[in-house]
Each structure stands twice: as structure tokens, then as C-alpha cells.
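I have placed the structure first, in the form of C-alpha cells, so that the comments after it can refer back to it.
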Amino acid sequence: MSEQLKGISASNGYAIGRAYELVEPDLSFETLTINKPEAEVKRFDQALEKAKNELQLIRDKVAKEQDEENAKIFDAHLLVLEDPELVGAIENQINNKSINAEAALVENTDSFITIFEQMDNEYMRERAADIKDVRKRILSHLLEKPLPDISLVQEPTIIVAEDLTPSDTAQINKEFIKGFITDVGGRTSHSAIMARSLEIPAIVGVQTAVATIEHGEEVLIDGIEGDIFVQPSEDTKQKYKYLQKEYDKKLAEWALLKNEPSITVDEHQVELGANIGSYQDMDLVLKHGAEAIGLYRTEFLYMENNDFPTEEEQFEAYKSVLEAMENKPVVIRTLDIGGDKKLDYWDLPDEMNPFLGLRAVRLALQNKDVFRTQLRALLRASVYGNLKIMFPMIATLEEFREAEGLLLEEKENLLNEGVEVATDIEVGIMVEIPSTAILAEQFAKEVDFFSIGTNDLIQYTFAADRMNQNVSYLYQPLHPAILNLVKMVIDASHKEGKWTGMCGEMAGEPTAVPLLLGLGLDEFSMSPSSILPARSQVRNLKKIEMEKVANQALQLQSSEDVKRLVDTISENK
Amino acid sequence: MANKEFTITTDVGLHARPATVLVQKASQYKSDIELEHNDKKVNVKSIMGVMSLGLAKGAAFQLHVNGDDEDEALQGIEELFKSEGIAE
């Protein structure tokens, strides 16, 4: 039976494939007394063997597709499976106590997990998670309920999940994973951002996908409209074949703009930059003709590691991006941890309102050692390109001054150590808190640039949690309240001869681009795949006309009014 | 029985990666190999045993090797300690 679902478009494109339900199986069991311990030991050994083969396969895949370093974690997992003490203890217990393998496995691994969890070393505590991981794999074979493993997929597949974690998305192999559908999330959730950076279509916030779609069913997704067709009819498939062709044509047209300037009909030039999370995004950045990196989110360096990244690791990461951009601007944001981004190895207090709590620069200023390490790495990398440093979540001038003070101290220290540091590093701030937007004129006297982070600016202006679906209607980028704040920031920077960029999702939205252009935004930073369509749009607009439209928009009363106004531009074309 | 005393030299201590290579190496030999630290003995072929000691940089320990290939095993492990900078 063909069925249709709808969700929020998170990443453009069309895809068709078999549904893969990424749902953890229920691995609960009961402790049983068994009659034939020898047979039970054999059953355990067979499960162990299967788990070993599976891990070996994953290990080899990761080594081949990623690198040896990432594969090493699986070596440790394999050794746990082969551990003579553990395996021996489990087999003895099955034999002596006549209990089932599942119970013996859990009891014996529990004692090791307790030992590791009680260690005072954060890194060792995390090894408890490794043991749990391995145990889960053995249990899944004992209970014959296979664990989902997207790295083992070998045919065109659409992932269907409640939500995807960063480690899930890290395993996505684009050769087979053609797109994904999640029940939670919005355009700015982690999985949506990852889909755009992977350039695979995705639909989020569907709510009923896991419940409706069966594992293995054929699914067609329209990432542009947010439509999902379960068991699509031949007609639907034909229609999408045609749409795919048209879409490919458009992509080919955009590709021609790769090396063209982002300039309006009346010759006003802006800069179109890319948002990235790591060096791995650089292929896309270069392919889509980015004129800058408008936002390098360094927190992934912290999130992908088992411990704080060292100065050397960070230096290498920053240097590689700076070099790849060949002197084009690279805005690197200092760590933005807290809020929805947590680290396993950093015990942070649980807060009632994490988004209003100790996060980003606030956290950095209270953990100066961690912050100084990053600042040193940035300063050392500065000689390899055109580095600009940006502090996130600045609410007051004092915070900016303190952060900049630390930067200058570390610069002094490095120079005294005889290390070379660039002399012309611009230092700017994210504008994502209304207080900073309101006081932009004062900030503009001291900072070198602003970059408006719209996701947070919108949630703080409307006092609406962007993770909370019940108030998601208040996520209104085009609302005149937001546009007026944006204008205040841009005008303040221009008055002091400084510049303003925008690195939130809004900067790449086709409805927002004409308005932002009219408001005088200097730099637009977005997902790499949005750059060429935005460039095509800019090259067809007149700055002087957009100024009039933007001025009108500032006087309107609602987002709907603004949308209608923008629609009239496209109709006049 | 072959015995020898060592001190951890790697900055990270006997964590997953150094522990992994040690266990992999020890498993190549037939002899029983034990690591003793503060009166606690663990089987060096057991990753969880080795890691459960949580040896940090500067910690001293003894290796006890017992079996047909004990001299060969001790020498092999000592070379690994040196080449990987784990202990000396």
C-alpha cells in the first residue's frame, strides 16, 4: 500500500531506496537455570565468534574509509571479546552455576564496568562505555536480535530513525545511504546540518516515520518539499525521475557560477562564505566556490575526541583549513560548548536552562586553561592564512575585553617564546544575544567585525526554545523584530568602518537573501551547498531596489507580511 | 620464570592504546605473563585486567613470565615498550 508522510525539509534533493530502521532492539532477558551447561557454553562461544567477525568487518571498513587512527578503538573492542579473564569467568559461571549465557555475560561485565566507572581518570571512565558496547553486541547475537549498523549497508538506503546522533552521521557512507528521515528535529538540528554538509536529502520532524515505515520498504523522499512516499506508485516514481532531471540541470547551471563574483546587477559585491565543522568539509567548500569560511565551528574537535584536544592537534586542524583556503578569510569561532552540546569527558553542572546557562565564552572564561590552549593553537596557525578569531555568546563589553585580553596575553607569550604570530588578525564577536545587538554601536568601537548568529538570536529574542516543538512557531527569522536588530548591527559596524556577516541558517535562505542584501549585510555564511544558488540569486538582484524593499520590511508587523513583500519581488521578475 | 621491573614512561599512562598493543603482543606467546603492581597481579593477555590497574606515568611494575618461550616473550615485550615509548 502506498502511503504519504510529510516533514520539514532539511536538505535538498530527491532519493529513493530501502528503508533502514535505525532503532535499538530490546535486549532485555531473564536469568534462567539451564540443563546442559556445555551446550550453553557453546552457544556463548558462537555468539562471541559472530560478534568478533562483525567487529572485524567494521574495523576494516573504518580503516579503509576513514583512517587507521579511528579504527584503533575497534582493536580495543576486539581485545575485550578475546579477553581470557572475562571469557573464562563467564564460561566458568555457566558451568558451575548452570545459568544462561546472557546472565553470566552481564554479571561478569558488570564487575569490570564498576571498576572502570569508579576510576578518577575521565578517560578510563569512558572505557566502561566500550565494555557496554561490546556486551551489547554479544547480547544481540545471543538473543538473535541484530544491532542496526549503517556501516554494513550495501544497497541504496534511506535511514529512518527517531533522531541521529553525531556518531550515527559519522558512519554514513554516501555510496549507499541516499537520504534520511527523522521523527524529531528542525532545520537547524544537528542531523539537518549534517545532511546539508553531506549533501544528501533529508526530512526531519516527521513524528510518525518510525511507526509508519517498515524496515525494508521502498521509500522515496523529496527533500525540497519535505514529502515522503512509502511504497511509491510507478507514476510517482516517473514524476520524480523527471524532477530529478530538472534539478540536475539547475545544479549544472549553478556550477557554472563557481568562480564568478557574488555581485548584484548594479555592481554591489558581497562575500558568500561557508560554515564548516572540520577539515573534512573542505572538499565541499572548494567545490561550491566559497569566498570565505564564515564560521568554523571548533566544538567538533572537542566532541569527536575522548579528551580535550591538545594544542598541537588544534594547531594542525586550524592550519590545514587556513592553508586550503589560500589566504581567503577564515573566521574561526572559539569553543561553543554547553547548551545542547555536551562533552563526555567534561563534567559540567546540570542546569535548569542550559541555553541560558554556562555555555560558550562564559564557560571558556571560567576555564581559562582550556581556553588558553585553543587561543595558542589559533595564534600559531595564524601565519598560514587569513585568520579571523570570533568569540561566541558575548553579552557584555567586559566579556569581550576579558577574552581579548587573554588572546593578547597568549600572543605576547608566544612572541617571547620566539614563535611567529600574524600581526593582522581581526578579532570579532558573534551577535546572538539581544543585549549585544542593542549595544552594537558601543561594541563596534572595539571589535573588528560582527557575525550574526541567527539561530540563537531568534530564540533569545522570542524567548522560545528552538528544541521545543510546542513553541517552534516562534522561530521566525523574517520577523520585523529580527530584521530591525540585524539592521542595528549592520549600521553600527558600517559607522565605524567595520563589517557584519551572518553565519546562521538564515543567511542562505532564498527569502532572506534579498532582505539581507538590502539591509547592507557584507558577508553571508551558509552550508556549502547553499552558496551557488545564493550567488545565482544575488547576481539577479539590484541592491538599490532591495534597499527599498528592506526599508519597507522594517515597518511591517509580522513574518507573513514580510514573506508577502518578498514574494512580490520574485513575481516582478 | 623470567622477571623484570619497569616504569611507565608514556604520558597517557597504560590506557587503551598502549594497553591494546601490549595485550596483542603478549597474546603472541605461549607463556603465562603477569603484571604486578602494588601487590595486585593481572594477566597481561587480558585487556580489562591490564586497564583495570589504571597505571599512570611514573608507576613501577614487575613482569613475571613463565613458560617455554619465557625469555623470548620478555625480550619481545621489552622491545615493544621501547619502540612504542610505553615503559622502560
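Read top to bottom, the protein sequences are chains A and B. Take 0 as the starting number for the first sequence in numbering that gives the first Met the number 0 and just add one per residue. Take 0 as the starting number for the second sequence in numbering that gives the first Met the number 0 and just add one per residue. Note that beta-carbon positions come from the ideal geometry of N, C-alpha and C, so glycine has one too.
Under a criterion of Cβ atoms nearer than 7 Å, the residues of chain A adjacent to B/Gly-48 are, in order, Glu-84.
Taking 8 Å as the threshold, the shortest C-beta distance from B/His-14 to chain A falls below it.
When CB distances to chain B are screened at a threshold of 8 Å, the residues of the stretch 101–115 of chain A falling below it are Phe-111, Ile-114 and Phe-115, in chain order. Within chain B, the residues placing a beta-carbon under 8 Å from that of A/Asp-74 are Thr-19 and Gln-23, ordered along the chain. Three or more beta-carbon pairs drawn from the stretch 521–541 of chain A and the stretch 250–267 of chain A are found closer than 8 Å, and the two stretches are therefore classed as touching. Taking every protein chain shown into account, the CB of A/Gln-365 has fewer than 16 other CB atoms within 10 angstroms, so this residue is exposed.
Taking one beta carbon from each stretch, the stretch 93–101 of chain A and the stretch 25–32 of chain A have 3 or more pairs nearer than 8 Å; the two touch. Neighbourhood of A/Val-133 in chain B, by CB distance below 8 Å: empty, with the nearest CB roughly 10 Å away. In terms of Cβ geometry, A/Val-229 and A/Leu-4 form a close pair [threshold 8 Å].
Measuring C-alpha to C-alpha distances from A/Tyr-474 to each of A/Ala-289, A/Leu-163, A/Phe-461 and A/Ile-331 identifies A/Phe-461 as the nearest. Chain B has no Cβ within less than 8 Å of the Cβ of A/Arg-58. With the rule of 3 Cβ pairs closer than 8 Å, the stretch 165–182 of chain A counts as touching the stretch 3–19 of chain A. If you compare the alpha carbons of A/Ala-127, A/Ala-380 and A/Arg-332 with that of A/Val-360, the shortest gap goes to A/Arg-332.
When DSSP states are grouped into helix, strand and coil, A/Gln-475 belongs to the coil group. Counting along the chain, the unbroken alpha helix (DSSP H) around A/Tyr-317 starts and ends at 310–323. A/Met-302 and A/Leu-342 have their alpha carbons spaced roughly 6 Å apart. In the three-state reduction of the DSSP assignment, A/His-214 falls in the coil class. Closer than 8 Å to the CB of A/Arg-136 there is not a single CB belonging to chain B.
Neighbours of B/Lys-44 in chain A, taken as residues whose beta carbon is under 7 Å from its own, are Pro-83 in chain order. With contacts defined as CB atoms closer than 8 Å, A/Asn-539 and A/Val-264 qualify as a contacting pair. A straight-line Cα-Cα distance of about 15 Å links B/Glu-69 and B/Leu-79.
Ranked by Cα distance from A/Phe-523, the first of A/Lys-131, A/Tyr-239, A/Gly-452 and A/Leu-242 is A/Gly-452. The residue among A/Leu-520, A/Gln-468 and A/Glu-544 with its C-alpha nearest the C-alpha of A/Ala-506 is A/Leu-520. According to DSSP, residue pairing for B/Lys-3 in a beta bridge involves B/Leu-62. Taking the Cβ atoms as the reference, B/Ile-32 lies roughly 5 Å from B/Val-64, within the contact range of under 8 Å. Not flagged as an interface residue toward chain B: A/Lys-49, since no C-beta distance is shorter than 8 Å.
For A/Arg-42 and A/Lys-49, the gap between their C-alpha atoms comes out near 11 Å.
Short of 8 Å from the beta carbon of A/Leu-219, and not among the five residues preceding or following it, lie these beta carbons of its own chain, in chain order: Tyr-13, Ala-14, Ile-15, Ile-227, Phe-228, Pro-231, Thr-235, Lys-236 and Tyr-239. In the structure shown, A/Tyr-241 falls within a helical segment according to DSSP collapsed to helix, strand and coil. One alpha carbon belongs to A/Leu-484, the other to A/Gly-503, and they sit about 14 Å apart. The beta carbon of A/Val-79 sits closer than 8 Å to some beta carbon of chain B. DSSP lists no beta-bridge partner residue for B/Gly-12. Residue contact with chain B for A/Lys-5: absent (no Cβ-Cβ distance below 8 Å to any residue of chain B). Across the set A/Val-548, A/Ala-127 and A/Ala-289, the C-alpha of A/Ala-289 shows the shortest separation from the C-alpha of A/Pro-260.
Bounds of the beta strand (DSSP E) holding A/Asn-385 are 385–390.
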